[in-house]
Every structure is written in C-alpha cells, then in structure tokens.
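In the numbering used here, the protein residues as written are 15 to 86.
Ideal placement from N, C-alpha and C gives every residue a C-beta, glycine not left out.
In this text the structure is predicted, and so the values were computed from the model without any measurement.
Just below is one structure, and these are the notes that go with it.
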Amino acid sequence: IVAFTSGGPITAILQHVLGLPDATAFSLNWPLVNTGVTRLRFSARSGALTLATYNSHPHLDTTRDHALVTYR
C-alpha cells in the first residue's frame with residue numbers, strides 16, 4: 015500500500031506504532047522533509063507493524079540542489 019500525506023498523519027501513525035508519548039511524537043514532526051519517505055513493515059505472521067525508514071529523502075540529496083529540501 016502506498017499513501018501520500020502530510021506530516022501530521024505520519025507523526026500520529028509513528029506515535030501509535032512506536033508507542034511514543036505526545037511530546038516525543040510532536041518532536042518527530044518538525045524535521046520532516048517535504049517528499050520524505052517513511053516506510054512501515056507489516057508481519058503477517060505476528061501481526062506486528064514496525065518502522066522500516068523515517069523521513070528518507072535520497073531522491074532529493076542526489077540532485078545536490080539544497081533548495082529542494084524544505085521543511086513543512
């Protein structure tokens with residue numbers, strides 16, 4: 015499944031998956047890069063959902079144009 019969304023829902027999902035307190039989850043929202051990729055992995059065997067990558071953006075880094083990396 016692929017979903018495109020903003021930082022708020024990403025932060026809420028990470029808070030739930032990782033069992034984070036509100037303050038910690040809130041601090042994860044600020045460094046999110048526009049078009050950053052966060053991946054979750056689901057194990058059908060255990061039913062567990064885990065974080066695979068957070069805020070990855072190699073597609074922007076390879077351009078070497080720092081103006082493309084923007085926050086919120």
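When the Cα atoms are used, what is the spatial distance from residue i to residue j?
i, j, result
"G21", "I27", "10 Å"
"L65", "T19", "17 Å"
"V83", "R59", "38 Å"
"V16", "S41", "24 Å"
"S70", "P35", "23 Å"
"D75", "L63", "28 Å"
"G61", "W44", "30 Å"
In or out: residue i buried (at least 16 other Cβ within 10 Å) or exposed?
i, result
"T52", "buried"
"L46", "buried"
If contacts are defined as beta-carbon pairs under 8 Å, then residue i and residue j qualify, I think. What distance do you get, rounded to the angstrom?
i, j, result
"T25", "A39", "5 Å"
Rank the options by C-alpha distance to the C-alpha of residue i and give the top, closest one.
i, options, result
"T49", "H80, T77, Q29, H73", "H73"
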